[in-house]
Amino acid sequence: MWRFYVREPNKGFTLIELLVVIGLLGILSAISSPVFVGMYARTRVNAALADIQTALLEGQRQAIRTSRACDLTLNSSTRSLSGSCLVGGDRALTRVTLRTSTSAVRFDFKGVMLNPSNNATSSQAVTVVVASPNTNLQRCLVVSAPLGLTRTGTYTGNGTTDTSCLP
Numbered sequence: 100m101w102r103f104y105v106r107e108p109n110k111g112f113t114l115i116e117l118l119v120v121i122g123l124l125g126i127l128s129a130i131s132s133p134v135f136v137g138m139y140a141r142t143r144v145n146a147a148l149a150d151i152q153t154a155l156l157e158g159q160r161q162a163i164r165t166s167r168a169c170d171l172t173l174n175s176s177t178r179s180l181s182g183s184c185l186v187g188g189d190r191a192l193t194r195v196t197l198r199t200s201t202s203a204v205r206f207d208f209k210g211v212m213l214n215p216s217n218n219a220t221s222s223q224a225v226t227v228v229v230a231s232p233n234t235n236l237q238r239c240l241v242v243s244a245p246l247g248l249t250r251t252g253t254y255t256g257n258g259t260t261d262t263s264c265l266p
């Protein structure tokens with residue numbers, strides 16, 4: 100039995116259909132890319148704030164565990180947090196801006212925050228503000244004196260006062 104094969108028309112996309120799809124994808128990516136850039140910047144700010152909070156708590160725990168004072172240095176120009184008592188090593192914060200109310204924090208063997216210059220119990224809270232140049236978001240971390248309790252929030256303002264750090 101003979102079978103006749105009917106030739107089917109070509110299947111696929113025409114050039115015009117392909118150009119329309121590429122144009123639509125370009126329009127959608129142009130609309131959504133600013134949203135992704137902002138989301139990525141917010142994620143970087145939140146991650147940097149979490150790194151700072153973790154390092155401060157780690158320094159406080161190490162001071163208690165080893166029964167020795169722990170000195171931590173917050174450097175705004177290099178955007179880093181360093182200290183000899185940090186088990187995880189120094190923290191480098193990339194693609195964010197950093198403002199601090201003080202450049203050094205010291206915890207004594209009881210976990211109490213001290214003034215690094217004279218070893219007296221600190222009465223001044225430490226405020227750290229992390230921001231991104233791409234967004235208006237400013238997140239803050241306040242270490243209360245003298246117990247070293249931390250709280251985070253959204254910062255409103257330009258300075259580094261603890262009253263501008265709102266939950």
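Just remember that the numbering used here sits 99 ahead of the position in the sequence shown, which is counted from 1.
From the three backbone atoms N, C-alpha and C, an ideal C-beta is built for every residue, glycine too.
Residue i in three-state terms, based on DSSP
i: L118; result: helix
i: G210; result: coil
i: A149; result: helix
i: L185; result: coil
i: S179; result: strand
i: A230; result: strand
i: G158; result: helix
i: V144; result: helix
i: A129; result: helix
i: L197; result: strand
i: R164; result: helix
i: T220; result: strand
i: V246; result: Before going further, note that residue 246 is Leu rather than Val in the sequence given. In this structure, L246 counts as coil in the three-state DSSP scheme.
i: T262; result: helix
i: L240; result: strand
i: Y104; result: coil
Cβ neighbours of residue i in the same chain (closer than 7 Å, five flanking residues each side left out)
i: S166; result: F208
i: R164; result: none
i: S216; result: none
i: N214; result: S221
i: A162; result: A168, C169, C184, F206, D207, F208, G210
Contact belief for residue i with residue j at Cβ below 8 Å, rounded distance in angstroms
i: T251; j: L148; result: 6 Å
i: G187; j: C169; result: At roughly 13 Å, the Cβ-Cβ gap does not stay under 8 Å, so G187 and C169 are not in contact.
i: A230; j: T262; result: About 18 Å separates the two Cβ atoms, so there is no contact after all.
i: T313; j: L173; result: Residue 313 is absent from the model: the chain starts at 100 and stops at 266.
When the options are compared against residue i, the one with the closest alpha-carbon
i: Q223; options: T193, P245, N145; result: P245
i: V228; options: K110, S131, N257, A154; result: N257
i: L171; options: G210, S131, S263, G122; result: G210
i: L265; options: T196, L248, V241; result: V241
i: I151; options: S179, L248, T253, L118; result: S179
i: E157; options: L185, R238, R141; result: L185
i: G247; options: Y254, F206, T260, T255; result: F206
Sequence-distant residues of the same chain with beta carbon closer than 6 Å to residue i, five excluded per side
i: T201; result: V225
i: S243; result: A224
i: V204; result: L171, V225
i: N218; result: none
Neighbourhood of residue i by C-beta, 8 Å cutoff - its chain only, sequence neighbours within 5 removed
i: R160; result: G210
i: A154; result: L171, L180, G182, L185, G187, R190
Practice item. State whether the region 133 to 145 contacts the region 233 to 242, with contact taken as three or more CB pairs (one from each stretch) at a distance under 8 Å. Key: yes
Check your understanding: At a cut of 8 Å, does the region 190 to 200 reach the region 145 to 162 through at least three beta carbon pairs?
Key -> yes
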